[in-house]
Structures are given as C-alpha cells and as structure tokens.
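First residue of the sequence shown? That's 0 in numbering that gives the first Met the number 0, and the numbers climb one at a time after it.
Structure first, then comments.
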Amino acid sequence: MKKLFIMLLIASIGAVSCKKETCENPFYCDWDTPFEVPPFDLIKFEHFKPAYLKGMEEQMAEVNTIINNTEEPTFDNTVRAMQFTGQLLAKVQRAMGPLSGANTNDSIQALQRDMSPLFSKHNDDISLNEKLFERVKSVYENRDRFNLTPEESKLLEDEYLDFIRSGIGLSPEDKDKLRQLNSEQSLLSIKFGQNLLAETNGFTLVIDNEQDLSGLPEGVRAQAAAAANEKGVEGKWLFTLQNPSYIPFMTYADNRALREKIFRGYMMRGNNGNENDNNQILADIIRLRVEKARLLGYESHADYVLERNMAKEPEIVLNFLAQIWEAALPVAKAEAAAQQEMIDREGGKFNLEPWDWFYYTEKIRKEKYDLSDEETKPYFSAKNVTDGMFYVANRLYGLEFSERNDIPLYHPDVKTFEVKRDQKHVGILMIDYHPRASKRGGAWCSGIRPQRLDEKGKFVTPLVSMVTNFTPPSGDTPSLLTPDEASTLFHEFGHALHSLLSNTEYTSGVSRDFVELPSQIMEHWVFEPEVLKVYAKHYQTGEIIPDALIEKIENAGKFNAGFTTVEYLAASSLDMEYHSLTEPAEINIGEFEKNAMDKYGLIKEIIPRYRSTYFNHIIGGYAAGYYSYIWCEQLDADAFKAFKETGDIFNPEVAARFEKEILARKGSKDELEMWIAFRGREPGIEALLENRGLLNK
C-alpha cells in the first residue's frame, strides 16, 4: 500500500466523471481550473462531508473489485491497481489539507472531529482486510515471476510490510482492539492540535505605557501598534505568541517582567488547566501508542517507528543524540556563563533565566560581532529572499518560476508560481507567508498533489504548498525577515523541490530521518556570499548587501550554537523518552518531562524547544522521529561539502547527481543506497559537528 490511508492524501488527480446535473458539488466534477488545482473559489464547506462519505464508499467498492478479481494475483491487477483507488476521496483531502492547517475555522475543526472515527474505521477496513492481504501476499511470495522494476519491487515490499505492521496477523479480538486504539488516537491527535491553536491565539500582551516598549526597534513597535488597531485597542501595542511578534519582544524588550510574562504565556500553552489543556490528551496518546506497539509485537512505539527508518533501532538514535549532546552542552554552559557575566557587569542583581536568553544573546552578539537582526532585516525582504531561492534553484536545476494570478487560492495571502524547465511545465508552487488566527504556527511544506504516473502512464505534475509565519507588511514596509527566517524559507523550499523534481512511477513515502535532507541542504546556500550578492538588496535603496555586513554574518554564523543545539536535542530526547516506554502506564506529563530533562542534565536556563503540551510534531508524523532533523544534518552538511570540494557551489555535475539519486527518486529506493549512490560512502557525524561549530570546543 504505502499505506492506502496515506494514499487518501496523495493519490493522483484522476478525474471523476459526472453528469452535468450532478455537479452541484465540485468534488464530483472534472476540475477545469489551470493545472487542475482545487477550485477553492467554488468549494463550500457543505460540499466536504458528503464528498468524504461518497469517496470512502467508492474506494471500498474499488478495493472489493480488486479482491473479487478471479484472475491470479499479479503486480498489475493487485498492487498497481491499489494505487489508483480512492481518487475522489483524495480530491477532497487535497482541498481540505490547506484549509485545516492554514485557514481553519470552528466548522472545519468540528468536521475534523466528526470525521475522525469514520476515517479511522475506513483505513482499518482496508489495512485489516484479509482477502486483500492474501492477494498482496501471493504477489509478494511469487515476486520473482513478475519481472518487476526496482521501483515496483520496493513498492511491493512496502505494501506487504505495511499490512504486517498494520496488524493483519492479529486475532479477530486483537484486531477489534487495534481498531479502537486507532480511532481513539486519531481523535485525540486532532484535539491536541486544535487546543494548541486556541492556546496560541488566546494569549495577548497589551501594552499601554510607551516606556514598556524600551529597547524594541521602531519596526517592531509599528507592527505591535498595527496589531492593536486590528483588534480594536487603538493607541496601544499588542504582542502575541506568534513568532514574528514573540521572538522580537523576547530579543529586544528591556522590561524583564514583561519578557517573563510573555515567555510564560508561550511555554505554558496547553498546560493551563483549562478547556484547552493537553496534559491528559498527551498522556492518553502515549499510553495508546504503547498499547498498540505491544499489541503488534514491538517493545515500544519507538521500536515500531524506527524499524522503517534509516536509524532502525532506538539505541542507535539515543547514542547518536548523546554524542552531539556531549559536544554541545559545555558550549551552552559557556554561553550561559557569558550572559551571567554581562548581567553582573551591568549591575543586574538576578540570575539568568530562560526569559533572559534571547535578550542577552542579542546584546552579546552586538558586542562581539557588531551585528543584530535589525541591521540585516532591510536586506532580507520576503520577496528578495524568495527571488534568492528561485535563483539557486535555477542555477542548480534549471528551474524557472513565474507568478500566476489565474489560479484559485485557499486564502488571498497566497502567492502562486508556475514552475518550468526548458519551457516545459514542471509543477505549481503556492507560498503562504504570514500568520493569522486561522493558521497554526510554524512552517511546513505539503504536497497537495504529488508527482506520479496516472492509470494510463501519463505524467502527473505536482502541486506543492509552502506555509510560513513571517512578519506581514506594514504600511510602506514590506515583510522583512531575520536571517533565521530566511533559512526557514529556503528550508521549506527544499521540501518543495523534492516534490517538484520527483520522477517516479508511483507515490511512496520517504523515511522520516531522510526526508529533511532535501530541505536542510538548501539552507547552506542562504548566506553564501555569491548568493547574497544576487538577492540581498536593501528594500528602500536597492543597495546590494555590503561586504562588511556579509563578513559579520559569516563571523557570527555559529554564534549561540550551544543553545540552538541543546534546546533541539532536549526536545528530541524528550520525544524518545516518551516513545521508548514499554508499559502502557498512566503518566504525569509535567513530572515525566522534568525527570527526563534532569536525566540528561539540561541546564535551568534552557527549556526544550518544544515542551510536552505544545509539542505538535510528535502528535503527527514526528513521533519517535524528531531526532530526524539533526540526523539528516549529517547528510546535508556532507552533501553540501560535495559541492564545496569542487570549488563551485553550483557545480552542475554534483547538482545533477543530487537530483538523480536523491530528489528524483523520492521514496522509490532504499535511502542508504540512495545516499551512497550520491556520495560514494556512508555518512558520518563529523560534517554535522563542523557545520554547527562544535568540533574541538
């Protein structure tokens, strides 16, 4: 399968025939929009539920057709046929995906909760269907007879193992139990995310005394004033927990008490004992995951997940993280000591706390490197950074991007680009830059439609969506990004390129600890002087970023590496601690988190990048997988060295090899084999430590 329930999100675009009189629901019609983009302008909320129900009904009928085929099971009439079931359901999912993540509302959230048990049952009805599995098993056991391509062999193996891992071998009683576990987990996961969005939107810091804005740059003040006006509190300044508001306040605000107030608002999300509290929800999810893993024959949820990742075993992940922790923790302690020294030097009579870290880090950066985000931001408008990433993609892969204004949008803020190579259409890229109450925090990239071949062997081009939460324009000032935000945009664009340059016959998943390689390698080009000279231009004067400022950026590139590494590793370790549990006991989330961090020796001045009650990554696809970002860094740092070693960061031969062996293959080949085909050897940790500035510290 890989699995059929995943395919609900990623199946090909194939048209659903209908008579004209039945087209009052757009999901039942052919989409005559440009490139068959979902017609967001025509789709109404009331269209979703009936289309969901009809889509599930149609897919089950298609699955039964495969099961009832009287011919001997073959790859084509069984495994290949499975790839093209559920196309109506996929159409609905493709349209709902951007809305639920980036433009949700109460009705959409209620629909998600209502549909959750139905989706869970539908998925289980397929993955636990013994007659369907018998056909797949027959093909798998006779695979040598079918003259399969390497991609077909990989797909068949994945399908077979997915059935096994989905519980097809369980007794009827245990299958019923598994269904219940899946249903409960699905609904709890939805509730967790919805609670987090409500908590993030529910906190505001309103300032009515201008003296309390001391230290804040004028641009930050203007954004806060605009936010206050939008909320009907004219003449004041409003700050939220969205990163474009929260991080500048934590970085520049002189008022320590207010920094603590907004910090506590941020770190207590989902942990306030109210209707949006996530403590019990997370405890239940962890317990259910242990129960499911044990039911399926695994020691822990981590064992279950990692079996299909590059890392394979929890012990390998824990040892890997420990190596980096050992190198990073002394650096973080030294950074904390330097900040305490500055506090004492300035006459502060207090000990460094987590709400002081951003503030004193920025002061030390300014003192040590004469550099601040406010100095660089005028050169990093969102438009210019976008132009920069398009330039890199053009130099590496020959891609060209042109904005389109004739394509339906799920929100007016979205920018849409057609992607071409050699004048041939490659795909569509949507970028949604700015925060809003209907949008969850963070940044992500999703394939609204994946590349693949349809039933007739026709190449289906991808439709990709990038979502970020960057400071919106204000008056005559465009959206200006910090260097970290510029890296984020390049990062998500790397995911987009992975989808846009995919060239496979079937759609198959990528291991969680490999999927960040295409995204993270793109971050290496952001601050290369050759690239900066192309896109980093002052938004007012058009002046190219001066050499002196580039030198400052380079010198400060590894500054604060101890903090950024340790806060990330703390979250990764917390994830592994939760998912390494082997007994489905009730846990107290607060106590568990504290004990885990004490075990690793996390210093009190740093909290995990994501605390438990707002750790949305591990509710979704990063459970026992948050380590994958730094696991992939050993790959991306080494992959970029392949370019640097040639003396040309745009070396065409290396770029062509990276596209052929990594990007184009998507999940159609074993990831370690893909890496070795590109780099010629297995990966090592040295490039990662060097990239983070943690060697010989």
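All C-beta atoms, glycine included, are put in the ideal place defined by N, C-alpha and C.
Is the separation between the beta-carbon of residue i and that of residue j shorter than 9 angstroms?
i, j, result
"residue 193", "residue 268", "no"
"residue 151", "residue 504", "yes"
"residue 132", "residue 454", "no"
"residue 334", "residue 561", "yes"
"residue 328", "residue 316", "no"
"residue 474", "residue 221", "yes"
"residue 605", "residue 356", "yes"
"residue 73", "residue 135", "no"
"residue 36", "residue 406", "yes"
"residue 667", "residue 154", "yes"
"residue 391", "residue 530", "yes"
"residue 260", "residue 378", "no"
"residue 195", "residue 613", "yes"
Go ahead and pull the three-state DSSP assignment for residue i.
i, result
"residue 311", "coil"
"residue 267", "coil"
"residue 28", "coil"
"residue 289", "helix"
"residue 678", "helix"
"residue 22", "coil"
"residue 653", "helix"
"residue 402", "strand"
"residue 342", "helix"
"residue 701", "Residue coverage of the chain in this structure runs from 0 to 696, which leaves residue 701 outside it and unanswerable."
"residue 272", "coil"
"residue 196", "helix"
"residue 237", "strand"
"residue 458", "strand"
"residue 448", "strand"
"residue 169", "coil"
Just curious, the alpha helix (DSSP H) that residue i is in, first and last residue?
i, result
"residue 426", "Taken as a continuous stretch (DSSP letters only), residue 426 belongs to no alpha helix (DSSP H), being part of the beta strand (DSSP E) at 423 to 431."
"residue 356", "356 to 368"
"residue 630", "627 to 643"
"residue 691", "685 to 691"
"residue 391", "381 to 396"
"residue 617", "Element bounds for residue 617: n/a, residue is neither H nor E."
"residue 65", "44 to 66"
"residue 88", "86 to 101"
"residue 694", "No alpha helix (DSSP H) holds residue 694; DSSP gives it neither H nor E."
"residue 159", "149 to 164"
Between residue i and residue j, what straight-line distance do the alpha-carbon atoms span, to the nearest angstrom?
i, j, result
"residue 25", "residue 404", "21 angstroms"
"residue 50", "residue 364", "55 angstroms"
"residue 93", "residue 77", "25 angstroms"
"residue 631", "residue 637", "10 angstroms"
"residue 425", "residue 521", "19 angstroms"
"residue 587", "residue 280", "11 angstroms"
"residue 662", "residue 285", "34 angstroms"
"residue 436", "residue 585", "34 angstroms"
"residue 430", "residue 410", "11 angstroms"
"residue 492", "residue 245", "24 angstroms"
"residue 592", "residue 229", "38 angstroms"
"residue 168", "residue 295", "9 angstroms"
"residue 644", "residue 660", "19 angstroms"
"residue 14", "residue 213", "Annotation note: pLDDT 33 at residue 14 (below 50); position unreliable, coordinate value reported separately. Their backbone Cα atoms lie some 58 angstroms apart in a straight line."
Excluding five sequence neighbours on each side, which residues of the same chain lie with their C-beta closer than 6 angstroms to the C-beta of residue i?
i, result
"residue 106", "44"
"residue 368", "551, 554, 555"
"residue 687", "632, 633, 636"
"residue 11", "Note that residue 11 has pLDDT 33, beneath the 50 cutoff, so the model's placement of it is unreliable and the number below is only indicative. Answer for residue 11: 451, 453, 459, listed in chain order."
"residue 20", "Model confidence at residue 20 stands at a pLDDT of 43, short of 50, so the residue's coordinates are unreliable and nothing is read from them."
"residue 525", "485, 486, 489"
"residue 262", "354"
"residue 34", "427"
"residue 415", "403, 406, 429"
Only counting the same chain, and skipping five residues up and downstream in sequence, which positions put a Cβ closer than 8 angstroms to that of residue i?
i, result
"residue 100", "438, 439, 443, 445, 466"
"residue 339", "350, 351"
"residue 620", "511"
"residue 640", "686"
Is the beta carbon of residue i within less than 8 angstroms of some heavy atom of the ligand PLP?
i, result
"residue 405", "Here there are no bound small molecules, and the ligand PLP is not part of this structure."
Skipping 5 residues on each side, what residues in its chain have a beta carbon closer than 7 angstroms to that of residue i?
i, result
"residue 469", "243, 381, 432, 433, 478, 480, 484"
"residue 291", "177, 180"
"residue 108", "193"
Under DSSP, the beta strand (DSSP E) around residue i begins and ends at which residues?
i, result
"residue 414", "414 to 420"
"residue 462", "462 to 466"
"residue 205", "203 to 206"
Quick one: does residue i have its CB under 9 angstroms from some CB of chain C?
i, result
"residue 191", "Included in the structure is just one protein chain, with no chain C present."
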